[in-house]
Amino acid sequence: MKPSLVRTAIRNGGVFEISYAGALASDESARRNWWSGAREVARATKGKGLLLSGGAQVISELRAPMDAVNLASVLGLDQNTARNTMSNDAKSLVTRASTRQTYRAVLSAPVLINAPKPSFNAPATAESTPTPPVPSTSAKRIREAEDMTVQSSDTGTSELSEPSLSRPPKRSKGRSART
Numbered sequence: 008m009k010p011s012l013v014r015t016a017i018r019n020g021g022v023f024e025i026s027y028a029g030a031l032a033s034d035e036s037a038r039r040n041w042w043s044g045a046r047e048v049a050r051a052t053k054g055k056g057l058l059l060s061g062g063a064q065v066i067s068e069l070r071a072p073m074d075a076v077n078l079a080s081v082l083g084l085d086q087n088t089a090r091n092t093m094s095n096d097a098k099s100l101v102t103r104a105s106t107r108q109t110y111r112a113v114l115s116a117p118v119l120i121n122a123p124k125p126s127f128n129a130p131a132t133a134e135s136t137p138t139p140p141v142p143s144t145s146a147k148r149i150r151e152a153e154d155m156t157v158q159s160s161d162t163g164t165s166e167l168s169e170p171s172l173s174r175p176p177k178r179s180k181g182r183s184a185r186t
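Residue numbers for the sequence shown follow this note's numbering, so the first one is 8 and each next one is one higher.
#1: Alpha carbon to alpha carbon, what distance is there between valine 101 and serine 60?
#2: Taking a contact to mean a Cβ-Cβ separation below 9 Å, would you say methionine 8 touches alanine 75 in this structure?
#3: Considering only the beta carbon of each residue, do tyrosine 27 and alanine 45 sit closer than 9 Å?
#4: Enumerated in chain order, which unbroken segments of the alpha helix (DSSP H) with a length of 4 residues or greater are wholly contained in the stretch 30-59?
#5: Could you pull out every residue in the same chain whose Cβ sits closer than 6 Å to the Cβ of leucine 82, ignoring the five residues on either side in sequence?
#6: Give me the residue from Pro125, Val22, Asn40 with the minimum Cα distance to methionine 93.
#7: To the nearest angstrom, report how far apart asparagine 91 and lysine 55 are at their CA atoms.
#8: How far does the beta strand (DSSP E) with asparagine 19 in it extend, from its first residue to its last?
#9: To the nearest angstrom, how far is the alpha carbon of alanine 104 from that of proline 10?
#10: Within 10 Å of its beta-carbon, does threonine 15 have 16 or more other beta-carbons around it, so buried, or fewer, so exposed?
#11: By the 10 Å Cβ neighbour count, where 16 or more other Cβ atoms means buried, how is aspartate 34 classified, buried or exposed?
#12: Give me the Cβ distance between aspartate 96 and leucine 57, rounded to the nearest whole Å; I'm assuming they're in contact under 8 Å.
#13: Thinking C-beta only, is alanine 30 closer than 9 Å to glutamine 38?
#14: Using the Cβ count rule (16 or more neighbours within 10 Å means buried), how would you classify aspartate 161?
#15: Between the alpha carbons of serine 168 and leucine 119, how many angstroms are there, rounded?
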């Protein structure tokens with residue numbers, strides 16, 4: 008691995024994943040190849056932009072977090088950097104992936120509101136019942152409609168999920184039809 012390419016990838020937000028399942032392989036040559044490859048990745052990244060994962064196929068291949076940290080320290084990383092490969096770096100990777108799906112990295116936070124419990128004796132008024140959105144076939148409008156849905160829970164509170172800030176509607180490039 009060329010260190011200049013690795014540094015460029017890390018600077019651009021790239022993350023290198025090492026799955027420790029290869030270290031637990033039954034084949035000796037596979038384990039030897041895993042150790043040499045993992046050491047090379049750890050050396051090239053210097054612990055930055057490195058993600059240590061399990062990659063377990065069977066539950067017996069799972070290890071405790073501190074076991075994985077000790078494994079990373081054998082690869083040449085210090086304890087704090089090894090711990091960050093499983094905690095902070097993984098969290099920042101998930102956050103970055105979720106912001107990539109939003110407009111200008113704006114994340115929406117759902118707001119809980121208390122919905123009044125409906126009275127069975129009184130008829131429903133227009134103010135208490137929300138008007139359902141007009142159905143549309145465009146994918147963007149369907150996503151926005153799904154974001155605006157109200158989910159009722161057993162406790163009588165509703166969770167209103169506000170959509171993240173979206174781009175303004177595009178203007179048509181042609182002239183508008185005048186009558």
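Ideal Cβ positions, reconstructed from N, Cα and C, are used throughout, including at glycine.
Once the coordinates are examined:
#1: 13 Å
#2: no
#3: yes
#4: 35-52
#5: Ala45, Arg46, Ala49
#6: Val22
#7: 9 Å
#8: Unbroken run through asparagine 19: none, as it is neither H nor E.
#9: 25 Å
#10: exposed
#11: exposed
#12: 7 Å
#13: Looking at the sequence shown, residue 38 is not glutamine but arginine. Against a cut-off of 9 Å, the Cβ pair of alanine 30 and arginine 38 comes out as a contact.
#14: Only weak support exists for where aspartate 161 lies, its pLDDT of 42 falling under 50; the coordinates are left without a value.
#15: Because the pLDDT at serine 168 is just 46, under 50, the model does not fix this residue reliably, and the point stays unresolved.
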